[in-house]
Structure formats: structure tokens, C-alpha cells
Amino acid sequence: KYGGRATFIHARVQDLAAKLDCEFDLAITIGVVHHLDDGEAKELFRAVSKLLKPGGRLVVSDPVFRERQNPLARMVMSFDRGKSIRTKEGYARLAGPELERVRTDVRSDFMRIPYDHCISVYQKPGPTASTP
278 KYGGRATFIH ARVQDLAAKL DCEFDLAITI GVVHHLDDGE AKELFRAVSK
328 LLKPGGRLVV SDPVFRERQN PLARMVMSFD RGKSIRTKEG YARLAGPELE
378 RVRTDVRSDF MRIPYDHCIS VYQKPGPTAS TP
């Protein structure tokens with residue numbers, strides 16, 4: 278379906294470096310980080326940074342708690358099995374020196390029900406990665 282435009286790989290990030298002989302422009306996690314405590318999340322970020330080209334980016338999307346949050350959104354998120362739902366600032370603190378935070382936004386318009394997502398973009402220091 279995607280021809281030579283993209284390659285999709287599903288694996289534990291810690292196992293990828295040993296299996297692959299390449300670097301990536303972009304890595305994406307959706308709904309993963311809130312299932313990891315701070316130590317595990319920082320380990321994930323370190324592992325991903327080793328797989329990114331200089332200037333490569335990591336995009337993270339996870340639920341977020343915030344001030345003056347819709348009570349229904351907070352209730353729905355409280356039922357999530359992930360026990361490390363953070364604030365916007367909490368997600369921003371996860372990146373170590375291997376990744377620089379480019380931006381962090383909170384979005385409430387991705388679902389039909391009230392639900393808040395934190396979208397964070399991190400970049401590996403170095404020249405900007407090329408885009409296809």
C-alpha cells in the first residue's frame with residue numbers, strides 16, 4: 278500500500294537498535310507514555326533518541342490532566358489503565374539531554390467525548406532531518 282514511501286515497524290524500542298542498521302527521521306508514540314512511570318518513560322526517550330537521525334523528531338500523544346478540565350474528561354481519563362497520566366509540564370520534563378522539546382500543545386478536539394490530549398514534539402540535537 279505504501280510502496281517505498283514508508284516502513285512501519287512494530288517492536289519494543291529497546292530491541293530495535295540491535296535489529297536495525299539505520300536511523301529514523303521520525304518516531305511516533307500514541308497512548309504509550311502514560312502507561313510508563315517517569316523512569317520507564319525516560320528510558321523510552323533515551324532509546325528512541327539512539328534511533329533518530331540528528332534533527333530527527335519524536336512525537337508523543339497521551340492523555341493529559343489540566344487545570345479547569347472538563348469534569349467528564351477527567352472522569353473518563355480516571356478509568357484509563359495507564360496510571361501515569363501527567364500534566365503538560367510533567368510530559369515536558371521527561372526528555373533528557375538527548376532530546377530537546379520543540380513544543381507541547383494540549384488538544385481537546387480529537388474525540389467526540391470530552392478528552393484532553395497532550396501532543397509533544399522533541400528533537401534530537403543536530404541539523405534538521407530531511408523530509409520526504
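Under the numbering used here, the sequence shown has 294 at position 17, and the numbering climbs by one with no breaks. For every residue, glycine included, the Cβ atom is placed at its ideal position computed from N, Cα and C.
Counterpart residues of residue i in DSSP-defined beta bridges
i	result
A304	L335
P340	H394
T381	S397
R289	Per DSSP, none; premise fails for R289.
R363	V341
Assigned secondary structure, residue i (DSSP; H/G/I helix, E/B strand, else coil)
i	result
P346	Per the sequence shown, residue 346 should be read as Gln rather than Pro. Correct three-state label for Q346: coil.
Y399	strand
P409	Legend: pLDDT at P409 = 46, less than 50; position of this residue unreliable, value from coordinates given subsequently. It is coil, neither helix nor strand.
L297	coil
K319	helix
L329	strand
R351	helix
A324	helix
Supposed close pair residue i, residue j - CB separation, criterion 8 Å
i	j	result
R343	K365	7 Å
R363	H311	7 Å
R334	L303	5 Å
Y368	T381	6 Å
Contact with chain C by residue i, beta-carbon distance below 7 Å
i	result
E375	In summary, chain C is missing from the structure at hand, where a single protein chain is found.
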